[in-house]
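Peer 1: Before I ask anything, here is the structure I am working with.
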Amino acid sequence: MRSSLNKGFFWAAVSVFAWGTLFPVGRLLIGEGRIDPASLGMFRFGIAGAVMLAAGAAVKGVRAMLPPARRDWVELALLGFVGAGLMSLFLFAAQRTIPSINASMLDALSPLLIFLLTVAAGKRFTLLQSAGFLAGFAGCLLVLKVLDGGGFHIDSLAPGDLLILCGALCWALYTIFARGAVVRLGGYRVTVWSMLFGALLLGGIRLGFAGAVLPSEWGGWGLVVYTALVPSALAFLGWNQAQKSISLGLLALTAYAIPLASALFALLLLGETLTLWQLAGAVIVTGAVLTDPEAAAFCRARCRIGKTQQVEL
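In our numbering, the protein residues as written are 91 to 403.
Okay, structure coming up:
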């Protein structure tokens with residue numbers, strides 16, 4: 091049990107770190123007009139999916155990378171269209187007009203939407219877990235500067251935030267419905283085909299998009315490749331691998347840390363400020379994660395191990 095939790099938290103942490111870099115890098119590309127949203131999404135998932143498919147085929151063989159049944163192909167296509175294609179399109183379109191930290195609202199909203207959708211489906215949560223979800227969401231609002239000591243600043247939200255809400259809904263649906271495929275087919279294979287089908291959808295959208303723009307310098311292409319390898323291949327793999335070891339509710343809670351990671355990277359890369367209210371939000375986010383029984387048990391176990399090691403020394 092402990093080994094499974096360790097593995098799950100490791101992959102969740104990898105996913106959080108990788109995704110945290112996406113929003114400032116996306117802002118550098120989209121906000122400066124170096125590439126259009128559909129093209130960035132197409133290259134992001136096309137490159138990531140192709141690299142992972144080639145690596146998987148080299149290690150496990152081509153046959154092991156192919157879904158075994160026709161219904162698996164259909165399921166993976168739908169997951170890719172929603173969780174990769176549409177989610178990416180909404181995210182990058184929003185980044186034309188809103189800061190990178192606001193764009194990371196996608197990951198603040200997704201856990202709450204997952205919570206609401208699973209409750210609607212009949213799953214029961216404890217009162218403490220429910221409070222944790224709401225507290226985590228409030229903490230993210232602090233990190234995103236929508237909430238501070240002066241109250242709730244609804245006027246700070248832009249039309250792009252509606253696109254972020256749509257992207258968050260796409261990711262919530264992907265997370266819920268991908269779980270069965272991950273258990274049955276493996277996180278790696280689901281990641282690969284979700285990306286490739288997402289790239290296929292975005293490629294079709296790009297063909298009908300008159301305003302397609304591509305980077306004109308090597309630096310821009312380097313950032314495109316980065317979005318493919320780190321906040322795509324590595325992030326999706328980490329998320330899907332984590333689903334096999336920790337509960338969906340706990341995994342959703344860990345996503346609350348992504349806006350904080352994004353805020354830190356935005357501070358380093360774009361010079362966006364990090365206030366005391368944002369730091370307070372980070373503390374609340376951490377506390378929200380600990381309201382989940384699995385997270386609390388994991389922390390207690392780690393503390394016991396630490397005390398045992400100190401005694402032995």
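Backbone N, C-alpha and C fix where the C-beta goes; we use that ideal spot for every residue, glycine too.
(1) Kindly indicate which three-state DSSP category Gly116 falls into: helix, strand or coil?
(2) Closest by CA to Leu207, which one among Leu119, Phe267, Ala318 and Ser190?
(3) Between Phe107 and the rest of its own chain, which residues show a CB-CB distance below 8 Å, the 5 nearest in sequence each way excluded?
(4) Are Leu341 and Ala332 touching if we call contact CB-CB under 8 Å?
(5) Just to confirm the assignment: which complete alpha helix (DSSP H) runs, minimum length 4, are found wholly within the segment 267-341?
(6) Over what stretch of residues does the alpha helix (DSSP H) that includes Leu176 continue unbroken?
(7) Taking the alpha helix (DSSP H) that Lys407 falls in, what are its first and last residues?
(8) Report the three-state DSSP secondary structure of Gly241 (helix, strand or coil).
(9) With three or more beta-carbon pairs closer than 8 Å as the criterion, would you say the segment 150-163 touches the segment 293-307?
(10) Looking at the unbroken alpha helix (DSSP H) that takes in Leu354, where does it start and where does it end?
(11) Excluding the five sequence neighbours on either side, which residues of its own chain have a C-beta within less than 8 Å of the C-beta of Leu253, listed in chain order?
(12) Using 8 Å as the threshold, is the C-beta distance between Asn330 and Val272 below it?
(13) Taking 8 Å as the threshold (C-beta atoms), are Thr281 and Phe355 in contact?
Peer 2: Considering the structure as presented:
(1) The residue labelled residue 116 in the question sits at position 26 within the sequence shown. Looking at Gly116 - three-state DSSP - the assignment turns out to be helix.
(2) The sequence position of residue 207 within the sequence shown is 117, counting from 1. The option with the nearest alpha carbon to Leu207 is Phe267.
(3) Here residue 107 refers to the residue found at position 17 when the sequence shown is read from its first residue. For Phe107, where only same-chain residues beyond five positions count, the Cβ hits under 8 Å are Ala351.
(4) Start at 1 with the first residue of the sequence shown, and residue 341 comes out as number 251. Start at 1 with the first residue of the sequence shown, and residue 332 comes out as number 242. Yes, these two residues count as a Cβ contact at 8 Å.
(5) 277-297, 308-318 and 325-333
(6) On the sequence shown, position 86 is the one that residue 176 refers to. Counting along the chain, Leu176 falls outside any alpha helix (DSSP H), and DSSP gives it neither H nor E.
(7) A query on residue 407 cannot be resolved here, the shown segment of the chain reaching from 91 to 403 and no further.
(8) Position 151 of the sequence shown, counted from the first residue, corresponds to residue 241. Residue state, collapsed to three classes: strand.
(9) no
(10) As a working note, residue 354 is residue 264 in the sequence shown. From DSSP, the alpha helix (DSSP H) with Leu354 extends over Ala347 to Leu360.
(11) The sequence position of residue 253 within the sequence shown is 163, counting from 1. Only Phe180, Leu181, Ala183 and Ala184 meet the Cβ criterion.
(12) Position 240 of the sequence shown, counted from the start, is the residue given in the question as residue 330. Position 182 of the sequence shown, counted from the start, is the residue given in the question as residue 272. Yes.
(13) Within the sequence shown, numbered from 1, the residue matching residue 355 stands at position 265. Within the sequence shown, numbered from 1, the residue matching residue 281 stands at position 191. Contact flag unset, no.
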